[in-house]
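Chains as they are written, first to last, in the numbering used here: chain A, 1 to 205; chain B, 206 to 410.
Working notes, beginning with the structure itself.
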DNA sequence: CCTACCGATCGGTAGG
DNA sequence: CCTACCGATCGGTAGG
């Protein structure tokens, strides 16, 4: 099915909205600024999204879908075990740059903006994180099954620490302008992995 | 010198403003909401702070000073080396709770809000982080000098990874409601430290 | 998808 | 520190 005119317009609006939200956060995305950016009237936008909150939810969903295409899908083609886990980490780390968005990662900013604002946007941000966390844990479990990581490795703990490294990298690169941010993040990840590496002999899993 | 009436009022205003900013971010702090919270008129607030931006900067400074009192000052009384580094990490980790503020850490939210908004607030957020980073690196260097950490340990890398653990803990506790967040963060820290522990014989530094 | 409009709130100022 | 006000913008609606 080719998309209808309305669907194309909606997608174009969401692309613009995502650009704004990546720079200013979902709370910084206003109907007026989006109207300017798209050349549409405010009421024209309301024809596509019933309310600002619906728009914000649609933008977050749009970002999550893009994220899935750029991170999760390609990674599933990499062989199971450490190679896939490493690929997942690298794509996760580079996503904010590779996405082509002018600002930072909207999932990260939404996590901070909405950790104190109950409602559907917070719920969606939590759901996105749980999805990413589940995929990361699965990749860790497969690496254990493949005999690359030690049997006693806790997937939840590894996923937690991987998130931390990504967040620190995001912070150092974007706020502090640290050119070494990516290198530091990769170093941290490799040390995390090597600390949980399977003993050589147990590789026959 | 006892503080003047004006200074007392100013401090009370900043306490209220910090509460608002911890929940909604510095961008969510408006003159009108602060007027309601303090029972003052908007123009009364302008008598203390010339502009909203000046207010935001004063709030950030206020938070940084509180942070110094709650984290940096007590830690300096702990013996140099691993004990001090560990105390620094724990107070850093617990600060957002211990501060008594209703929301999250304002330094963390400011880092996300302003990584894309050039100006004095961004500059202040960067300066705050550099200050914390310098203190953390110093604590790492002292732990190396005391023979607790291996001589080849990179203080910048340790500080980077400690930031990551704190950020992941903040995220899991506040957004995901993970009761194990603090435990996971402590586990990650102890593993980070043990990975860089000095070999037993070199402890005579 | 538009024009034209609503009440509320924004940061800020005049004048006291 | 106040009242009283400014123009701009907020999210949203009526009516087409």
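C-beta atoms are modelled at their ideal positions from N, C-alpha and C, and glycine is treated no differently.
{"query": "Cα-Cα separation between residue 386 (chain B) and residue 79 (chain A), rounded to whole angstroms", "result": "31 Å"}
{"query": "CB of residue 321 (chain B) within 9 Å of CB of residue 33 (chain A), strictly", "result": "no"}
{"query": "The region 163 to 171 of chain A in contact with the region 360 to 370 of chain B per 3-pair CB rule at 8 Å", "result": "yes"}
{"query": "Proximal residues of chain A, C-beta to C-beta of residue 381 (chain B) below 7 Å", "result": "126 and 129"}
{"query": "Beta-carbon neighbours of residue 86 (chain A), restricted to chain B and to distances below 9 Å", "result": "Per Cβ cutoff of 9 Å: no residues; residue 86 (chain A) is ~17 Å from chain B at best."}
{"query": "Sequence-distant residues of the same chain with beta carbon closer than 6 Å to residue 128 (chain A), five excluded per side", "result": "64 and 107"}
{"query": "Spatially closest choice to residue 297 (chain B) from B:315, B:273 and B:235, by CA coordinates", "result": "B:273"}
{"query": "Beta-bridge partners of residue 149 (chain A), as assigned by DSSP", "result": "A:197"}
{"query": "Buried or exposed by the 16-neighbour rule on C-beta atoms within 10 Å, applied to residue 73 (chain A)", "result": "exposed"}
{"query": "Residue 25 (chain A) versus residue 113 (chain A): straight-line alpha-carbon distance, rounded", "result": "8 Å"}
{"query": "Alpha helix (DSSP H) runs wholly inside the region 54 to 115 of chain A, at least 4 long, in chain order", "result": "82 to 98 and 106 to 114"}
{"query": "Below-9 Å beta-carbon distance, residue 222 (chain B) vs any chain A residue", "result": "no"}
{"query": "Cβ pair count under 8 Å reaching 3, the region 120 to 134 of chain A against the region 94 to 101 of chain A", "result": "no"}
{"query": "Interface residues of the region 181 to 197 of chain A facing chain B [CB-CB below 7 Å]", "result": "184, 187, 188, 191 and 195"}
{"query": "Closer than 7 Å at the beta carbon, the chain B residues around residue 25 (chain A)", "result": "318"}
{"query": "Secondary structure of residue 187 (chain A), DSSP reduced to three states", "result": "helix"}
{"query": "Within chain B, partners of residue 31 (chain A) - CB distance below 9 Å", "result": "Within 9 Å Cβ-Cβ: nothing; residue 31 (chain A) doesn't reach chain B, min ~17 Å."}
{"query": "Listed by chain order, chain A residues near residue 362 (chain B) by CB distance under 8 Å", "result": "184, 187 and 188"}
{"query": "Test: residue 161 (chain A) CB closer than 9 Å to a CB of chain B", "result": "yes"}
{"query": "8 Å Cβ cut-off: residues of chain A touching residue 151 (chain B)", "result": "This structure does not reach residue 151 (chain B), given that chain B is present from 206 up to 410, and the question cannot be answered."}
{"query": "Residue 9 (chain A) to residue 27 (chain A) span [Cα, whole Å]", "result": "23 Å"}
{"query": "Reference residue 341 (chain B), options B:356, B:288 and B:360, closest by Cα", "result": "B:360"}
{"query": "Straight-line Cα distance separating residue 380 (chain B) from residue 374 (chain B)", "result": "10 Å"}
{"query": "Option nearest residue 6 (chain A) by Cα separation, candidates A:185, A:18 and A:44", "result": "A:44"}
{"query": "Chain A contact residues for residue 314 (chain B), given Cβ-Cβ distances below 7 Å", "result": "112"}
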